[in-house]
Amino acid sequence: MKKYIFLFLCICMANHAIAQEVIQVPHEKAEGTTWEGGEKQYFSSIWQTDVVTNVSTPTMQVFRPEHPNGTSVIVAPGGGLYALSIASEGTEVAEWLNKKGITAFVLKYRLVPTGEDGVQEISSEGATNPARIGERVAPVLPYSYADGLSAIQYVREHADDFKINPEKIGFMGFSAGGAVTMGVAYNYNETNRPDFLVPVYPWTLVMPIQEVPEDAPPMLVICASDDPLDLAPGSIELYSSWLEANKSAALQMYAKGGHGFGMRKQGLPSDSWIERFYEWSLAQGITEALKPQ
21 MKKYIFLFLC ICMANHAIAQ EVIQVPHEKA EGTTWEGGEK QYFSSIWQTD VVTNVSTPTM
81 QVFRPEHPNG TSVIVAPGGG LYALSIASEG TEVAEWLNKK GITAFVLKYR LVPTGEDGVQ
141 EISSEGATNP ARIGERVAPV LPYSYADGLS AIQYVREHAD DFKINPEKIG FMGFSAGGAV
201 TMGVAYNYNE TNRPDFLVPV YPWTLVMPIQ EVPEDAPPML VICASDDPLD LAPGSIELYS
261 SWLEANKSAA LQMYAKGGHG FGMRKQGLPS DSWIERFYEW SLAQGITEAL KPQ
């Protein structure tokens, strides 16, 4: 009996290790920014979701599909650069992509240094001193999208290990993660160029629209017109910039959806945004439908 219990525990530990496959992203030390107290993960009663805060060392959690089709997506959750909405804009996205054969990497990029509750900090500052948020975000954002670029390069260099196509690596980011996505879009080189971009309600207020790169990859922008942070105009401007530069661009704008919907179900058309992404990726040849097993 003890033998079987031991075997069962070994299997459980092995499954847990696979589920928690985490890679540290290569990165340079941040100048002028220090973090204290370590990374924190908890359920935020304010946002009513699981969050991660005070990230000082970028990492990726790997989600491998049972039947990989070669496409991969690096997923950057949002949270105002004070936190990461790690479930509805991270792990749940990755799990959905896995069902389509897409390998996913949930990126914890560097965040604004915060104390015990980063969500409480950004909520308080948003109510009393919104300008303070911009002041704290500005010096950290370049490191955040540098982490995104480094993640792409790492995934590409290890494509064989992940059973992916090094020419089908995309970057998808939500809100502040959308700003990271734009930072990636404007600052890549030959080794860390994303093959497609999916900014979802991107925070264009901190990452303004810039000149479109000559070899800009295809982009799908997703947002809701009633976004309370007023991100719809910036999303349209981002899409228009790609269109005017004669680059492949698509825009999925919902009348209702608000901000931060991610994988949350609201009983609205925006609930199916990820299915629209998948349809777009099939049409673009970015991914392939799984064959019946």
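The working numbering numbers the first residue of the sequence shown as 21 and each following residue consecutively.
We treat Cβ as the ideally placed atom computed from N, Cα and C, and that holds for glycine.
Here the structure is a predicted model, which means the values were calculated and not measured.
Considering only Q272, L263 and P159, the residue with the shortest C-alpha distance to V226 is P159.
In the three-state reduction of the DSSP assignment, L127 falls in the strand class.
Pairing A265 with T201 gives a Cβ-Cβ distance that is not under 8 Å.
At the C-beta level, L131 and V75 come within 8 Å of one another. For the pair W293 and L251, the CB atoms are not nearer than the 8 Å cut-off. V241 is bridged by DSSP to L271.
Here G280 carries a coil assignment [DSSP, helix/strand/coil]. Residue burial is scored here from C-beta neighbours: T211 has fewer than 16 other C-beta atoms within 10 angstroms and is therefore classed as exposed.
In the three-state scheme derived from DSSP, where H, G and I count as helix and E and B as strand, L310 is classed as coil.
In the structure shown, the three-state DSSP call for A96 is strand. M202 carries a helical assignment under DSSP once its states are collapsed to helix, strand and coil.
Taking 8 Å as the cut-off, the Cβ atoms of G121 and N149 do not count as close. For G168, the uninterrupted alpha helix (DSSP H) segment begins and ends at L161 to E177.
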